[in-house]
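Quick notes on the structure that follows.
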Amino acid sequence: MSRSISLSVEDIKQKLLTVVAEEQIGVTPEAGKLGNSGKVIVYPENEQDVISVVKAASQNQLTVIPSGGSTRAGFGGTIEKADIEISLKKMRGIVEHSAGDLIMTVLPGTTLADIENHLTEKRQLLPLDAPWPDQSTIAGVIAANASGPKRVRYGSTRDLVIAMRVVYPDGTVIRTGAKVVKNVAGYDMNKLFIGSMGTLGVITEVTLKLRPRPLFESVMLVHSEQGIEPLAGLSREVLNSSIEPVSLELLTATLNRKLTGTACPALVVSFEDVEKSVRYQENRVAELAKAAGLSTQVLPSEEVQAWWSRFRQLPPRKNPEAVAVKIGVWLTDVATTLDDGLRLADQYQLEVAGHGSGGTGLVYFYISGVTEERVEAAVKWLEKMRRTVREKSGYAVVEHAPLSFRKKVDVWGDTGPSFRLMKGIKAKIDPQGILSPGRFLGGI
Amino acid sequence: MKTGNTVTGTDSLIEGLSDIVGSKYVLHKYEELLAYDCDGYTIHKGLPRAVVFPADTEEVSKVVRLLYEKKIPFLPRGAGTGLSGGAIPTGGEVVISLVRMNKLLEVDYPNRKAVVQPGYINLKLSNSIAHKGYYYAPDPSSQQACTIGGNVAENAGGAHCLKYGVTTNHVLGLELVLPDGEIVEIGGVTDMPGYDLLGLLTGSEGTMGIVTKITVRILKLPEGKQTVLALFDEVEGASRAVSDIIAAGILPAALEMMDRIAIEGVEAGNYPVGYPEGLAAVLIVEVDGIKEGLDDQINQIIEVCKKNGVREVKAAQTEAERALWWANRKTAFGAMGTISPDYLVQDGVIPRSRLPEVLARIEEISQESGLRIANVFHAGDGNLHPLILFDSRKPGETEKATRVGSQVLKACTDAGGSITGEHGVGIEKKEEMRYLFNDDELQAQIDIRSVFNPENLCNPDKVFPLPGKCVEVKKAN
Ligand SMILES: Cc1cc2nc3c(=O)[nH]c(=O)nc-3n(C[C@H](O)[C@H](O)[C@H](O)COP(=O)(O)OP(=O)(O)OC[C@H]3O[C@@H](n4cnc5c(N)ncnc54)[C@H](O)[C@@H]3O)c2cc1C
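Sequence lines, in order, name chains A and B.
Start counting the first sequence at 1; every next residue gets the next number (this note's numbering).
Start counting the second sequence at 1001; every next residue gets the next number (this note's numbering).
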């Protein structure tokens, strides 16, 4: 699937100049430590530009990496620069917000913050608390399948995206889904692009399902002096009750210290509903916690927003000396996975902070201070972690790491039994392999 | 290779199938096959050449492998309640019935999941876990009969999907027998790396393989539940109430509506509520969640209904009352049989805000055609179920009903909607796929099918319009 010719920056520019204006093209000055940029960067202003660029690339067998806010530049892939980086940053804005239908259509480069700001006034909500809202674009969030702690209650992009426009590598535009909240006409093609890391098409428009904005929200912190297990127990009890938490996030002591200054593990239970119901649930959790000998603290309402905004800035974005790992396990394995991560961190003398959701089974670890000399230790940590979670039917994917790290280790891990089908899909849609080559599972 | 019994080589096929599952579990006589010539969509019929009942995944795989080698088309079948003809043979397919694979394999409460075989009946799952306070959210009205395998294939919805989502939002993993007989596991813990094949397979109407095991998410039953019944003299008022409830920031668990003819039907059915005469519309609104918050929501809903000219509005006082309202609603399709010899169910979806205008258009279509249309639908998510009443004994009326159905779907897509919200495309709505998708978009989907089902042996001739096939042939050459 790889191409034989290699074009110079000037050549690539010339090819692009036949389809877009000079001011839409830039040259990337130097190779960043994260890679995943392009020799030439182009800023389409509309879908037609995207089609033209992709077509030109396809005809000349040039490789293309689509990008948004570049918060995930360190995610996947082992190439420093593709021939072309298509930045969707300038395709930004709300196309339509149909408040009565609880749906909205936006351009791919619209940031989560843009969307949130618009919706707050209208008392609605896109319940997607993915990291870095000011930088993350909606298409990037979808392509990287990013989510946050509130997923427990609200689901993730796969539950919220109802329609898209996507430009295929040959320049064909396809519409997926429909702009209604319920639809089973044909295959659910939306799903193909969610989490596909830009390997199948360039997303040029997205339609999302919204919710009414909850009238009241609260964050409750439960601390444990006896390790994480009592918190995990509480989380299980909450899940097994009729309480309806929006998040149930366990924090390692290292992370809790960063966030609250208290160096013991914590559980973040949050609620969004009418105030009466929120207060009632806080009380019930407080009772359950008390019975387990745990202390609780409800954040003052005015601190709730700030809490979440800090939380959303935890994952590394540009830092070339940080590694972020996403792990998926069954719910009952979350606490031990967090413990394992810290234990191995001690063993390899790494600085590791982690959190994991008792409601979704997703665990995130952030390793900092991964200088050139520490890369080896971080790789070892990952390999050991992988072995542990594999025994629990889980996986570990590196969501952020410098290029040097990604060249040493397969960031995706096992390909799994259905890989043949995935390869088949890629080959059908992108037979030349020009889109984000090698950025995805198994070298797709 | 056209219809079942005259095919050469049928005997060796029956022998081969019998060797795998036992002769007791292979049907091939004409009279036996008749029961499998259609599903819940009765307008189209076609005989299978055989029906086999495998006992487990291994047997499914062996059966499929045999058929694959012989290049004989086949299709999976659950309970056969599908309403778009997905389980109807069109070219003598061998029907692979999953009804013997009907076990609940595992319930894992702490991890909130259950593993079932494909022939396990939807309602049984909720019933089996209710004692622990859990349930399975997708609740198609056919849930007493339909299988979870069929639900996955159709991405089934139900009355309570407004708040809780449809099947795809609740499937965690699948075991699948691919059309060449290979067994693969898909999904598992949250966000398994790779393309979202789980999401792609859910709703693929049996055209990508045969689902032999399903892991689903189970939910804790809500602490409280309250239901409001609102009776309107005008459809307009009811439609506006639907929009206003959503605009008030309430996300009901269910928001259902029935119009005049539908009310006539359900009142003649097995569960009459005793609605007063002359109603134009009935709304059922259910809210659930933490008890503390529910009263306020109920009051708000009642206020909204009053503002929109409701004749009578009340909250259910007892569980029995609530259950009756729901039984009446959930048996609405069948009840139409009491007021019309035949009916055709449509399944269009529209943006909720366009409800009044589309209902008016449907009324026009009804007047023009002379066929009565009852509307009973999931108003909250804009999923209409126009029931076109007709009499198949009258020459030409079946065709007319089909035509009217297509016009109704056109009205839905003209309003920016879709041709199907939960019943699937099947045979019925293949042509109407063109209302939504252009050739490129159809081809993109057919390309995906060809990855799973390259020889198109598994449920061929479903979902996609015929000219789409021409494109496929052109490309292949
Ligand atoms: C009275 C009535 C009310 C209904 N109400 C609703 C409703 O509220 N919501 C709703 O969504 N639907 C509803 N339906 C439609 C129908 O019940 C659903 O589509 C249901 O999911 C079909 O399940 P089944 O087991 O009957 O499948 P079948 O009808 O047997 O098959 C349906 C499709 O699934 C495929 N299939 C079946 N099993 C498998 C398998 N194991 N692997 C792969 N493919 C398979 C078949 O090939 C076919 O294409 C209703 C139907 C009736 C008759």
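Note that beta-carbon positions come from the ideal geometry of N, C-alpha and C, so glycine has one too.
Because the structure is a prediction, the values reported are computed rather than measured.
Here DSSP, grouped into helix, strand and coil, assigns Ser1126 (chain B) to helix. Taking the Cα positions, Phe365 (chain A) is about 42 Å away from Gly1382 (chain B). Between ligand 1 and the CB of Gly1149 (chain B), the shortest heavy atom gap is smaller than 7 Å. Burial of His400 (chain A) is indicated by the presence of at least 16 other C-beta atoms within 10 angstroms of its C-beta.
Contact check for Val1242 (chain B) and Met1257 (chain B): beta-carbon distance about 7 Å, within the 8 Å limit, so the pair qualifies. Per DSSP, Leu200 (chain A) lies in no beta strand (DSSP E) and is assigned neither H nor E. Taking 8 Å as the cut-off, the Cβ atoms of Val1021 (chain B) and Ala1055 (chain B) count as close. Gly1269 (chain B) has its CB no nearer than 7 Å to any heavy atom of ligand 1.
Residue environment analysis places Pro1341 (chain B) among the exposed positions, since fewer than 16 neighbouring C-beta atoms fall within 10 angstroms of its C-beta. Cys1458 (chain B) and Gly1206 (chain B) do touch by the CB rule: their CB atoms are close to 7 Å apart, below 8 Å. Residue pairing for Tyr366 (chain A): DSSP places it in a beta bridge opposite A:Ala324, A:Ala353. Scanning chain A for C-beta atoms nearer than 8 Å to the C-beta of Tyr1271 (chain B) yields nothing, as the closest lies near 26 Å away.
Relative to Val181 (chain A), the option among A:Lys209, A:Gln313, A:Ser301 whose CA is nearest is A:Lys209.
The three-state secondary structure of Asn1308 (chain B), taken from DSSP, is coil. Following the DSSP letters along the chain, one finds Thr1413 (chain B) inside the alpha helix (DSSP H) bounded by residues 1397-1414. In terms of Cα proximity to Leu1436 (chain B), the closest of A:Thr176, A:Val202, A:Leu338, A:Val274 is A:Thr176.
Of all residues in the segment 1179-1194 of chain B, those with a C-beta nearer than 7 Å to a C-beta of chain A are Val1184, Glu1185, Ile1186, Gly1188, Val1189, Thr1190, Asp1191, Met1192, Pro1193, Gly1194, reading in chain order. Not a single CB atom of chain B sits nearer than 8 Å to the CB of Asn36 (chain A). Lys1070 (chain B) sits exposed, since fewer than 16 C-beta atoms from the chains shown fall within 10 Å of its C-beta. Annotation for Pro230 (chain A): the continuous alpha helix (DSSP H) segment containing it runs 229-239. For His1044 (chain B), no alpha helix (DSSP H) encloses it, and the DSSP letter there is neither H nor E.
DSSP, reduced to helix, strand and coil, places Lys1029 (chain B) outside both helices and strands of the structure shown, so it counts as coil.
Along the segment 206-235 of chain A, the positions whose C-beta sits under 9 Å from a C-beta of chain B are Arg211, Pro212, Arg213, Pro214, Leu215, read in chain order.
For Cys1161 (chain B), the residues of chain A that pass the 8 Å Cβ criterion are Lys182, in the order they occur in the chain.
The beta-carbon of Tyr1164 (chain B) is placed no less than 8 Å from the nearest beta-carbon of chain A. The segment 367-383 of chain A and the segment 306-325 of chain A touch, with no fewer than 3 CB-CB distances between them shorter than 8 Å.
Looking at B:Ala1153, B:Glu1059, B:Ile1245, the one whose alpha-carbon comes closest to that of Ser1353 (chain B) is B:Ile1245. A Cβ-Cβ contact shorter than 8 Å links Val1425 (chain B) with Val1463 (chain B). Close to chain A, meaning a Cβ-Cβ distance shorter than 9 Å, are the following residues of the segment 1352-1369 of chain B: Arg1352, Ser1353, Arg1354.
One alpha carbon belongs to Gly171 (chain A), the other to Pro437 (chain A), and they sit about 17 Å apart. For Asn1459 (chain B), there is no enclosing beta strand (DSSP E), as DSSP marks it with neither H nor E. At least one C-beta of chain B is nearer than 8 Å to the C-beta of Arg158 (chain A).
Going by DSSP, Gln1367 (chain B) is part of the alpha helix (DSSP H) stretching over 1355-1369. Across the segment 1396-1420 of chain B, CB contacts with chain A closer than 8 Å involve Gly1416, Gly1417, Ser1418, Ile1419, Thr1420, in sequence order along the chain. Boundaries for Thr252 (chain A): no alpha helix (DSSP H) harbours it, and the DSSP string shows neither H nor E there.
What Thr110 (chain A) touches in chain B, judged by beta-carbon distance under 7 Å, is nothing: the nearest beta carbon there is about 21 Å away.
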